[in-house]
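A.B. asks:
In my numbering, the protein residues as written are 521 to 731.
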């Protein structure tokens, strides 16, 4: 981002969404420590009109990259119209705004469902909590757009390999909260239960973590 401002169109201030915004912000700050991420809450999971209006407001406010935790490509369409860039969500939505597209986190539940069905069929299934990750193939990134420089794509691939190997966690401290307090101490990696209850924004996020 040339402006140092990223806009983030988000549905509701629940831990899942806060966690995604924070991880995105920390990633952006690892490249540019001065970057800010401004959040626009829509109070809807799926509303193309509201999502587009939120993205337009962020772009008009100076953002030149839009990200989202929403289910439609409307934010990306707004980014393309404004000559900005777009990080999508859930799926490869590049066909909707190809000139703005960068990449998106994507989920593939197929292998998990297959394993569950097979375990039920052979009588080995047990009830258990499941939180998938890149290592087991549930989480991935869609192909990164050609507009992204090759050296940056190489960095993305290297970081993905570290996540899969378990040698990198985006929430390993030190992490400072939006209000300046210590959110995660130096060297500490929060456990899954703590992350699932995340209720704060990290420093650099602009907007309220309560909606």
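Note that CB positions come from ideal geometry on N, CA and C, so glycine has one too.
If we count Cβ pairs, one from each stretch, closer than 8 Å, do we get three or more for the segment 593 to 603 versus the segment 628 to 644?
C.D. replies: no
A.B. asks: Assign residue 605 to one of two classes, buried (16 or more other C-beta atoms within 10 Å of its C-beta) or exposed (fewer than that).
C.D. replies: To locate residue 605, count along the chain shown from 1; it is residue 85. Answer is buried; the Cβ neighbour count reaches 16.
A.B. asks: Could you tell me which uninterrupted beta strand (DSSP E) segments, each at least 3 residues in length, are contained entirely in the segment 528 to 578, listed from first to last along the chain?
C.D. replies: Segments of the beta strand (DSSP E) lying fully in the segment 528 to 578: 556 to 561.
A.B. asks: Out of 663, 681, 531, 643, point me to the one whose CA is closest to residue 653's CA.
C.D. replies: Translated into positions along the chain shown, residue 653 becomes position 133. The shortest C-alpha separation from residue 653 is found at 681.
A.B. asks: Check whether chain B comes within 8 Å of residue 723, counting only Cβ atoms and requiring the distance to be less than that.
C.D. replies: Note that chain B does not occur in the displayed structure, where there is just one protein chain.
A.B. asks: Assuming residue 582 and residue 523 are in contact, meaning their beta carbons sit under 8 Å apart, how far apart are those beta carbons, in whole angstroms?
C.D. replies: Reading the chain shown from its first residue, position 62 is the one you call residue 582. Reading the chain shown from its first residue, position 3 is the one you call residue 523. Contact flag correct, Cβ pair sits at about 6 Å.
A.B. asks: Which partner residues of residue 695 appear in the DSSP bridge assignment?
C.D. replies: Walking along the chain shown from the start, residue 695 turns up at place 175. Paired residue(s): 704.
A.B. asks: Give the secondary structure of residue 658 by DSSP, where H, G and I count as helix, E and B as strand, and everything else as coil.
C.D. replies: Locating residue 658 in the chain shown gives position 138, counting from the first residue. Three-state result, residue 658: coil.
A.B. asks: Whole angstroms is fine: what's the gap from residue 623's alpha carbon to residue 592's?
C.D. replies: Against the chain shown, residue 623 aligns to sequence position 103. Against the chain shown, residue 592 aligns to sequence position 72. For residue 623 and residue 592, the distance between alpha carbons rounds to 15 Å.
A.B. asks: Run through DSSP, which three-state label would residue 610 get?
C.D. replies: Mapped onto the chain shown, residue 610 falls at position 90. Here residue 610 sits in strand by DSSP.
A.B. asks: So, at 7 Å on beta carbons, what are the nonlocal neighbours of residue 609 in its own chain, with the 5 sequence-adjacent residues on each side left out?
C.D. replies: Residue 609 sits at position 89 when you count from the first residue of the chain shown. Counting only Cβ-Cβ distances below 7 Å, and skipping sequence neighbours, we find 588, 589, 590, 624, 625.
A.B. asks: Suppose you measure from the CA of residue 678 to the CA of residue 669; what does that come to, to the nearest Å?
C.D. replies: By one-based count along the chain shown, residue 678 stands at place 158. By one-based count along the chain shown, residue 669 stands at place 149. Their Cα atoms are separated by approximately 14 Å.
A.B. asks: Taking only the alpha-carbon atoms, compute the straight-line gap between residue 557 and residue 718 and give it to the nearest angstrom.
C.D. replies: Stepping through the chain shown from its first residue, residue 557 is reached at position 37. Stepping through the chain shown from its first residue, residue 718 is reached at position 198. Spanning the two alpha carbons is a distance of roughly 18 Å.
A.B. asks: Considering residue 672, what are the terminal residues of the alpha helix (DSSP H) in which it resides?
C.D. replies: Along the chain shown, read from residue 1 onward, the residue named residue 672 stands at position 152. 670 to 685 is the extent of the alpha helix (DSSP H) around residue 672.
A.B. asks: Going by DSSP in three states, residue 631 sits in which element: helix, strand or coil?
C.D. replies: Indexing the chain shown from 1 puts residue 631 at position 111. If DSSP states are grouped into helix, strand and coil, residue 631 belongs with the helices.
A.B. asks: Ordered along the chain, which non-local residues of its own chain (more than five positions away) have a Cβ less than 6 Å from that of residue 723?
C.D. replies: In the chain shown, residue 723 corresponds to position 203, counting from 1. So the list reads 696, 698, once near-sequence residues are dropped.
A.B. asks: Give me the Cα-Cα distance between residue 614 and residue 569, rounded to the nearest whole angstrom.
C.D. replies: By 1-based counting over the chain shown, the position of residue 614 is 94. By 1-based counting over the chain shown, the position of residue 569 is 49. Taking the straight line from one Cα to the other gives about 19 Å.
A.B. asks: Using alpha carbons as the reference points, say which of 639, 691, 657 lies closest to residue 539.
C.D. replies: On the chain shown, position 19 is the one that residue 539 refers to. Checked all of 639, 691, 657; the closest Cα to residue 539 is 691.
A.B. asks: Apart from the five residues on each side of it in sequence, which residues of its chain come closer than 6 Å, Cβ to Cβ, to residue 708?
C.D. replies: Taking the chain shown and counting its residues from 1, one reaches residue 708 at position 188. Contacts found: 693.
A.B. asks: So what's residue 623 in DSSP terms, helix, strand or just coil?
C.D. replies: Taking the chain shown and counting its residues from 1, the one referred to as residue 623 is at position 103. Residue 623: strand per DSSP, three-state reduction.
A.B. asks: Express the C-alpha separation of residue 689 and residue 711 in angstroms, rounding to a whole number.
C.D. replies: Here residue 711 refers to the residue found at position 191 when the chain shown is read from its first residue. Here residue 689 refers to the residue found at position 169 when the chain shown is read from its first residue. Taken atom to atom, the span from the alpha-carbon of residue 711 to that of residue 689 is near 11 Å.
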